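Before any comments, here is the structure.
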Amino acid sequence: MIILKDITKDYTNKEQVTHALRGINVTIQDGEFVAIVGTSGSGKSTLLNIIGAMDYATSGKYMFHDREITACDLKELHEFRKENISFVFQNFALMDKYTVYENVEMPLIARHIKHRKSIVMDYLEKMGIADLKNKIPSHLSGGQQQRCAIARALAADTPVLLADEPTGALDQNTGNEIMKCFEEINKNGKTVILITHDINIANRCKRVIHIEDGKIID
Ligand SMILES: Nc1ncnc2c1ncn2[C@@H]1O[C@H](COP(=O)(O)OP(=O)(O)OP(=O)(O)O)[C@@H](O)[C@H]1O
Ligand SMILES: [Mg+2]
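The opening residue of the sequence shown carries number 3 in the working numbering; numbering runs sequentially from there.
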């Protein structure tokens, strides 16, 4: 279970302060399938980054089951992410030093999983990019990079999957296939939280959280 209590996030650059989140209160149960929607700049990515422990809140409390994430040090946060969170980033965040195959394999190595090849190939095939496995990410199209980022997140097999606009670079058919994958892993008990601008994608999620100007609105 994820509990956010009065979470705020301020970004301070030189003299300018941006209040990206202004008191977020939300509880997300294990196994939920949630869409976060809202206009550009409303705070969606900031919120997802905090849920994924990629960033610190400025104030408030974040509980994940019995653990207070807002009280963790960097080492504890790293462990927490490794065990619990997979992330599909808005900008994909693939590593160009490595091939497509190696990018997807990375979270499996981090978690000391053996017999990785069949797992990696399985997700590359699911995403329709198995034939691209030896390429480096920057030599792929935007949609192919997005599918690689999704394969990496799914292969990690963590209890929580967070995805920032996971279908933003994809045509409707491919986006549909990706949603089917997310629905399947959600059926298997995983919590899925995704950000989308696409009303059709949001409607397929079991719960929609609207965020406007750093606040959740009903
Ligand atoms: N690193 C940063 N430094 C300063 N301001 C930031 C930073 N990241 C985000 N912001 C600001 O915080 C606010 C929320 O940004 P955020 O990225 O969460 O929006 P978003 O809802 O994800 O938008 P989009 O739909 O365009 O991705 C925006 O006003 C943005 O300019
Ligand atoms: Mg964003």
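For every residue, glycine included, the Cβ atom is placed at its ideal position computed from N, Cα and C. Only a predicted model underlies this, so the values are computations on that prediction, with no experimental measurement involved.
DSSP lists V90, L196 as the beta-bridge partner residues of A165. Counting C-beta pairs closer than 8 Å gives three or more between the stretch 64 to 82 and the stretch 42 to 56, which meets the contact rule.
Check the Cα spacing between L164 and each of I152, Y13, E81: the tightest is with I152. Leaving aside the five residues that flank G45 on each side, the residues in its chain whose CB is nearer than 7 Å to its CB run, in chain order, A22, L23, I213, G216. The alpha-carbon separation between F94 and C150 amounts to approximately 8 Å.
The beta-carbon distance between A37 and V90, rounded to whole angstroms, is 14 Å. This is too long to meet the 8 Å contact definition. Assigned with DSSP and collapsed to three states, N178 falls in helix. According to the DSSP assignment, G62 belongs to the beta strand (DSSP E) that extends over 61 to 66.
Y103 counts as buried, since no fewer than 16 other beta carbons sit within 10 angstroms of its beta carbon.
Following the DSSP letters along the chain, one finds N15 inside the beta strand (DSSP E) bounded by residues 4 to 15. When the alpha-carbon of S47 is set against those of D220, H199, Y64, H114, the nearest one is in H199. Below 8 Å, enough C-beta pairs join the stretch 60 to 68 and the stretch 8 to 17 to call them touching: three or more.
Within 10 angstroms of the beta-carbon of I4 lie 16 or more other beta-carbons, which makes it buried. For L134, same chain residues with a beta-carbon under 7 Å away, outside a window of 5 residues either side, are V102, L142, Q146 in chain order. The alpha-carbon of K137 is positioned some 32 Å away from that of S42.
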